[in-house]
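Position 4 of the sequence shown, counting from 1, maps to 4 under full-length UniProt numbering, and the rest follow consecutively.
Okay, structure first, notes after.
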Amino acid sequence: MIMSVHSSIHIARCPLPSLETKISSISAAHRPRRRERRPPDDLKQSATGFGAKRPEQLWRCVEGCGACCKLDKGPSFATPEEIFTDPCDIELYRSLVGPDGWCVHYDKSTRKCSIYSERPYFCRVEAPVFLKLYGIPQKKFNKEACSSCRDTIKAIYGPNSMELDNFNRSVTDST
């Protein structure tokens with residue numbers, strides 16, 4: 001071994017091992033074997049879990065709900081002036097609001113609309129309506145419609161209501 005002194009630093013110079021020495025020592029070493037870990041049967045991933053993608057829910061109306069027919073929902077919801085750009089739509093919407101806030105065409109005893117087939121376009125939960133009124137594109141329609149209905153049902157009937165349970169079951173079963 002050769003020692004040199006350079007600026008009061010001692011550096012040891014050792015001969016480098018040859019390439020053959022390195023290869024033989026690597027191949028002679030025993031590496032630990034990797035064991036593949038398999039989760040127990042009861043811990044296997046399910047269809048929905050952390051990181052799993054849930055199937056898209058498809059919006060559908062639940063008969064006998066009527067939450068959307070409560071037209072005067074209070075300050076936490078948008079006003080007709082915030083929703084519509086056409087003054088005629090604002091006027092029509094306002095003409096439908098009864099003294100109790102419910103649509104004048106909504107029959108509370110049967111929970112049905114008396115003009116359902118002829119109802120105004122803004123009473124229809126359809127992709128073109130959501131695009132026109134809210135700027136929601138077709139590909140986001142189901143998600144936004146489901147979210148909107150849930151919010152409305154919670155506001156009208158409460159978060160633990162039968163109506164909300166029925167709606168959630170309906171959009172989940174539709175996939």
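The beta-carbon is built from N, C-alpha and C at its ideal position, and this holds for glycine as well.
- Counting other Cβ atoms within 10 Å of its Cβ, N142 reaches 16 or more and is therefore classed as buried.
- Looking at the DSSP output, K70 sits in a beta bridge with W102.
- Annotation: T79 is outside any alpha helix (DSSP H) and is labelled neither H nor E by DSSP.
- Less than 7 angstroms divides the Cβ of C103 from the Cβ of L71.
- By the neighbour-count criterion, in which a residue is buried when 16 or more other Cβ atoms sit within 10 angstroms of its Cβ, A78 is exposed.
- Per DSSP, the continuous alpha helix (DSSP H) segment holding V129 begins and ends at A127 to Y134.
- Looking at the DSSP output, C113 sits in a beta bridge with Y106.
- Judged by DSSP secondary structure, E118 falls outside any alpha helix (DSSP H); it is assigned neither H nor E.
- Per DSSP, reduced to three states, the secondary structure at V62 is coil, with no helix or strand assignment.
- In this structure, V62 sits away from N168, with a CB-CB distance that is not shorter than 7 angstroms.
- Here E126 is exposed: its Cβ has fewer than 16 other Cβ atoms, across all protein chains shown, within 10 Å.
- Your pair R94 and G66 does not check out as a contact, with CB atoms roughly 19 angstroms apart and the cut at 8 angstroms.
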